[in-house]
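Taking numbering that gives the first Met the number 0, the leading residue of the sequence shown gets 0, the next gets one more, and so forth.
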Amino acid sequence: MPRRARAPRAALAALAALLVLALAGCASMPTSGPVRAGAAPESGEERRFRVEPVGPAPGSAPLDLVRGFLLAGVGVEDDFATARQYLSADRRGTWRPGARTVVHADGGPELRAEQAGQQLVEDVARARGAAEGAPAGGARADAGPVTVTITVRVSGTVDDRGRYAAAPPGAVEEVRMLLVREEGQWRIAEVPDLLLLDDAAFTLSFRSYQLYFADPARRFLVPEVRWLPDRQAAATTLVTELLRGPSPWLAPGVVTGFPADLPTGTGTARSSVVVADGEARVDLPQRLLDADPDDRGLLQQQLAATLGQLPAVSAVRVTVAGGELGGSRGPVLHRDPAVDPAPVLLAQGALVRLRGGALVPVAGVPALGELGASDPAVLDDRYAVLAAGRSQLLLLTQGAAGAVPEPVVALAGAELTAPSFGPDGWVWSTAAQSGGAVTAVGPDGRVAQVGAPWLAGRRVLSLRSSRDGARVLVASAGAEGPERVRVDVAAVQRDADGAPALLSVEAAPPTPWLTTALEAVWVDEASVAVLGAPAPAAVVADGALAVQVLTGGRAASLGAPEQAGEPVSLAAGSGRASILLAGADGALWHRAGSRWVPVPGAAGADPAHAG
Numbered sequence: 000m001p002r003r004a005r006a007p008r009a010a011l012a013a014l015a016a017l018l019v020l021a022l023a024g025c026a027s028m029p030t031s032g033p034v035r036a037g038a039a040p041e042s043g044e045e046r047r048f049r050v051e052p053v054g055p056a057p058g059s060a061p062l063d064l065v066r067g068f069l070l071a072g073v074g075v076e077d078d079f080a081t082a083r084q085y086l087s088a089d090r091r092g093t094w095r096p097g098a099r100t101v102v103h104a105d106g107g108p109e110l111r112a113e114q115a116g117q118q119l120v121e122d123v124a125r126a127r128g129a130a131e132g133a134p135a136g137g138a139r140a141d142a143g144p145v146t147v148t149i150t151v152r153v154s155g156t157v158d159d160r161g162r163y164a165a166a167p168p169g170a171v172e173e174v175r176m177l178l179v180r181e182e183g184q185w186r187i188a189e190v191p192d193l194l195l196l197d198d199a200a201f202t203l204s205f206r207s208y209q210l211y212f213a214d215p216a217r218r219f220l221v222p223e224v225r226w227l228p229d230r231q232a233a234a235t236t237l238v239t240e241l242l243r244g245p246s247p248w249l250a251p252g253v254v255t256g257f258p259a260d261l262p263t264g265t266g267t268a269r270s271s272v273v274v275a276d277g278e279a280r281v282d283l284p285q286r287l288l289d290a291d292p293d294d295r296g297l298l299q300q301q302l303a304a305t306l307g308q309l310p311a312v313s314a315v316r317v318t319v320a321g322g323e324l325g326g327s328r329g330p331v332l333h334r335d336p337a338v339d340p341a342p343v344l345l346a347q348g349a350l351v352r353l354r355g356g357a358l359v360p361v362a363g364v365p366a367l368g369e370l371g372a373s374d375p376a377v378l379d380d381r382y383a384v385l386a387a388g389r390s391q392l393l394l395l396t397q398g399a400a401g402a403v404p405e406p407v408v409a410l411a412g413a414e415l416t417a418p419s420f421g422p423d424g425w426v427w428s429t430a431a432q433s434g435g436a437v438t439a440v441g442p443d444g445r446v447a448q449v450g451a452p453w454l455a456g457r458r459v460l461s462l463r464s465s466r467d468g469a470r471v472l473v474a475s476a477g478a479e480g481p482e483r484v485r486v487d488v489a490a491v492q493r494d495a496d497g498a499p500a501l502l503s504v505e506a507a508p509p510t511p512w513l514t515t516a517l518e519a520v521w522v523d524e525a526s527v528a529v530l531g532a533p534a535p536a537a538v539v540a541d542g543a544l545a546v547q548v549l550t551g552g553r554a555a556s557l558g559a560p561e562q563a564g565e566p567v568s569l570a571a572g573s574g575r576a577s578i579l580l581a582g583a584d585g586a587l588w589h590r591a592g593s594r595w596v597p598v599p600g601a602a603g604a605d606p607a608h609a610g
């Protein structure tokens with residue numbers, strides 16, 4: 000699902016943060032700039048705002064110039080043309096800001112300037128507490144180059160393919176720049192190939208997109224989230240990345256209609272995708288005419304779903320060497336499968352649904368009160384619960400006309416995780432203590448041991464299938480350090496019979512800022528929610544137990560209900576508005592705008608949606 004545009008209030012708050020930063024740090028810079036609307040929004044979306052960056056002011060001192068350069072990093076639309084004005088003539092055309100983006104905490108970086116081995120103190124530097132005894136006055140034009148060192152507290156980084164990686168609490172990065180005199184003005188002659196943005200600027204300038212692939216059965220489109228600059232050239236970048244294929248962790252669990260050896264340095268990857276009058280035209284290499292018709296049909300659906308996220312695109316036309324791509328066939332794949340908005344939960348020993356604020360009993364299933372049932376799961380008319388102190392997984396089939404089938408013990412183990420159905424009927428549940436594998440029960444009752452090497456010696460907290468079945472969400476806990484709590488989206492590699500065989504994940508710790516997690520659930524095809532506590536030093540929050548929503552590695556805190564008992568379980572259907580919290584006392588809470596409000600007259604435990 001495409002990431003919705005920021006509401007004007009949020010965008011203007013971020014804009015205000017940027018302007019305050021400019022006012023605080025740039026005495027001789029222009030302190031305001033025009034605000035312009037972004038591309039036309041999709042139907043029902045709010046309009047996006049972004050800052051129009053300004054170029055260097057004549058006579059700017061070195062620190063002023065560097066601060067202006069950093070602020071100009073929000074100017075993504077024109078390939079950072081304004082930011083390049085701050086660079087020397089030799090560096091202006093070679094600087095590659097897309098190679099790496101460093102996202103840092105709001106509040107401004109720390110800057111230190113030196114010339115001829117001495118620290119410089121300018122008015123803007125003195126306001127930030129320059130070292131005692133540093134020489135007064137600004138840089139001298141006749142004393143040689145100036146070195147500026149920038150220190151930031153890092154929230155995360157984005158690589159050259161748009162993949163976001165969260166940073167551990169307290170992570171710090173230093174960036175050095177060399178300034179020289181050029182035509183009577185200070186200009187930046189040496190700067191790394193990176194973009195340095197605070198969280199507010201990143202929110203204004205980047206957005207999350209999905210690249211779409213397919214599950215091996217070709218039933219569902221499967222997304223991989225990328226964070227890219229929010230600009231018209233995003234269409235070309237998306238197609239280029241789609242041709243390059245999924246990231247290594249996802250590749251074993253998906254297929255694509257594009258040939259693996261299709262060169263990305265020629266053809267589409269070198270030219271632009273043309274968008275005009277709502278239509279995106281993508282011209283592909285001639286060799287695709289030899290592709291299997293099913294693959295041609297798949298790649299067309301991949302392109303349509305991927306480019307369809309752009310507000311300016313309402314239709315996608317695929318051509319090959321200028322001619323129409325014909326002869327395509329294959330099934331229509333589903334994207335972000337819908338789920339029943341009524342979660343299933345337990346109330347007074349019975350399986351119920353929460354519909355319209357009322358608890359409605361599920362007919363045709365046995366009473367569960369004497370079984371010590373917990374943690375229900377659902378897929379159509381099939382249910383699963385844990386029983387006997389979480390040592391048994393029971394499968395329930397909804398009967399008709401008064402017939403109530405007996406529960407079936409499908410799995411036994413110590414401290415089993417809450418069950419989760421995949422769309423193919425496989426039920427995922429595993430013993431909490433992992434030896435490097437998890438278990439899943441097939442529709443025919445067979446139990447698969449699914450390899451998960453990174454889980455060896457860890458405690459599995461939560462295990463949930465995505466609604467496309469190509470991925471699972473795994474929360475686990477281990478030893479102290481960046482991997483104390485991991486919340487991984489893992490690709491599911493299957494054997495020739497379609498049974499899950501191996502899980503693959505990114506090697507880097509995905510959530511180094513988390514210290515506690517109780518549960519993790521899918522919010523939609525591209526986002527997950529975690530009920531957990533970040534480290535006190537983390538950028539994302541202040542250490543309190545709260546709901547964190549992660550999209551492609553980047554987290555946003557939704558907080559937790561005020562004046563309520565501590566929440567103990569979490570559920571989500573489709574979108575943030577569907578998130579439901581349950582407390583130890585049975586109280587239920589849901590989202591109403593930006594607040595948590597109680598569900599009146601309803602009490603229950605362990606709510607869950609499909610997946």
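Even for Gly, the Cβ is constructed at its ideal location relative to N, Cα and C.
Note that the structure is a prediction, hence the values are computed from the model and not measured.
{"Query": "For tryptophan 185: DSSP bridge partner residues", "Result": "Arg180"}
{"Query": "Start-end ranges of the alpha helix (DSSP H) lying completely within the region 320-396, minimum 4 residues", "Result": "none"}
{"Query": "Nearest-angstrom beta carbon gap, phenylalanine 205 and tryptophan 226 [assumed within contact, 8 Å]", "Result": "5 Å"}
{"Query": "Leucine 544 in three-state terms, based on DSSP", "Result": "coil"}
{"Query": "Segment contact, 8 Å Cβ cut-off, at least three pairs: the region 299-312 with the region 345-357", "Result": "no"}
{"Query": "Leucine 544 and alanine 532 closer than 8 Å at C-beta", "Result": "yes"}
{"Query": "Inter-residue spacing [alpha-carbon to alpha-carbon] between valine 34 and leucine 69", "Result": "Here the model assigns valine 34 a pLDDT of 30, short of 50, so the residue's position is not dependable, and the following value carries that caveat. If you take the alpha carbons of valine 34 and leucine 69, they lie about 18 Å apart."}
{"Query": "C-beta contact flag for arginine 280 and arginine 230 at 8 Å", "Result": "no"}
{"Query": "Sub-8 Å separation of valine 449 and leucine 502 beta-carbons", "Result": "yes"}
{"Query": "Contained alpha helix (DSSP H) runs [length at least 4] in the region 256-319, N- to C-terminal order", "Result": "292-306"}
{"Query": "Identity of the residue in Leu385, Ala474, Ser568 nearest serine 433 by Cα", "Result": "Ala474"}
{"Query": "Helix, strand or coil at glutamate 223 according to DSSP, with G and I counted as helix", "Result": "strand"}
{"Query": "CB-CB length for leucine 324 against glutamine 299, believed under 8 Å", "Result": "7 Å"}
{"Query": "Whole-angstrom distance between arginine 83 and proline 96, CA atom to CA atom", "Result": "10 Å"}
{"Query": "Chain-order list of residues whose beta-carbon lies under 6 Å from that of glycine 368 (same chain, five-residue window excluded)", "Result": "Gly348"}
{"Query": "Alpha carbon of alanine 399 to alpha carbon of glycine 363, nearest angstrom", "Result": "6 Å"}
{"Query": "Coarse secondary structure for aspartate 605, derived from DSSP in three states", "Result": "strand"}
{"Query": "Buried versus exposed, by CB contacts within 10 Å (16 or more), alanine 478", "Result": "exposed"}
{"Query": "Contacting residues, own chain, Cβ-Cβ under 8 Å from alanine 357 (five flanking each side not counted)", "Result": "Gly600, Ala601"}
{"Query": "Spatially closest choice to glycine 564 from Gly585, Gly572, Thr396, by CA coordinates", "Result": "Gly585"}
{"Query": "Opening and closing residue of the alpha helix (DSSP H) in which leucine 62 lies", "Result": "61-70"}
{"Query": "Through-space distance from glutamate 76 to valine 53, alpha-carbon basis", "Result": "13 Å"}
{"Query": "Nearest-angstrom Cα separation, counted from alanine 56 out to serine 27", "Result": "For serine 27, the predicted structure reports a pLDDT of 34, less than 50, and the residue's modelled location is therefore unreliable. A value from the coordinates is still provided. Between serine 27 and alanine 56, the C-alpha separation is close to 7 Å."}
{"Query": "Classification of glycine 161 by the beta-carbon crowding that lies within 10 angstroms, buried from 16 upward", "Result": "buried"}
{"Query": "Length of the line joining the Cα atoms of arginine 180 and threonine 150", "Result": "24 Å"}
{"Query": "Under the three-state DSSP convention, the category valine 238 falls into", "Result": "helix"}
{"Query": "Exposure of threonine 318, with buried meaning 16 or more beta-carbon neighbours within 10 Å", "Result": "exposed"}
{"Query": "Identity of the residue in Pro452, Pro511, Asp487, Pro330 nearest arginine 463 by Cα", "Result": "Asp487"}
{"Query": "Buried or exposed by the 16-neighbour rule on C-beta atoms within 10 Å, applied to alanine 36", "Result": "With a pLDDT of only 31 at alanine 36, under 50, the local geometry of the prediction cannot be trusted, and the value read off the model is given with reservation. Exposed, by the Cβ-count rule."}
{"Query": "Local conformation of tryptophan 595 per DSSP, three classes", "Result": "strand"}
{"Query": "Valine 75 in three-state terms, based on DSSP", "Result": "coil"}
{"Query": "CA nearest to the CA of arginine 352, picked from Ala71, Gly610, Gly603, Asp89", "Result": "Gly603"}
{"Query": "Through-space distance from alanine 166 to aspartate 105, alpha-carbon basis", "Result": "15 Å"}
{"Query": "DSSP-derived helix/strand/coil call for leucine 193", "Result": "coil"}
{"Query": "Secondary structure of arginine 483, DSSP reduced to three states", "Result": "coil"}
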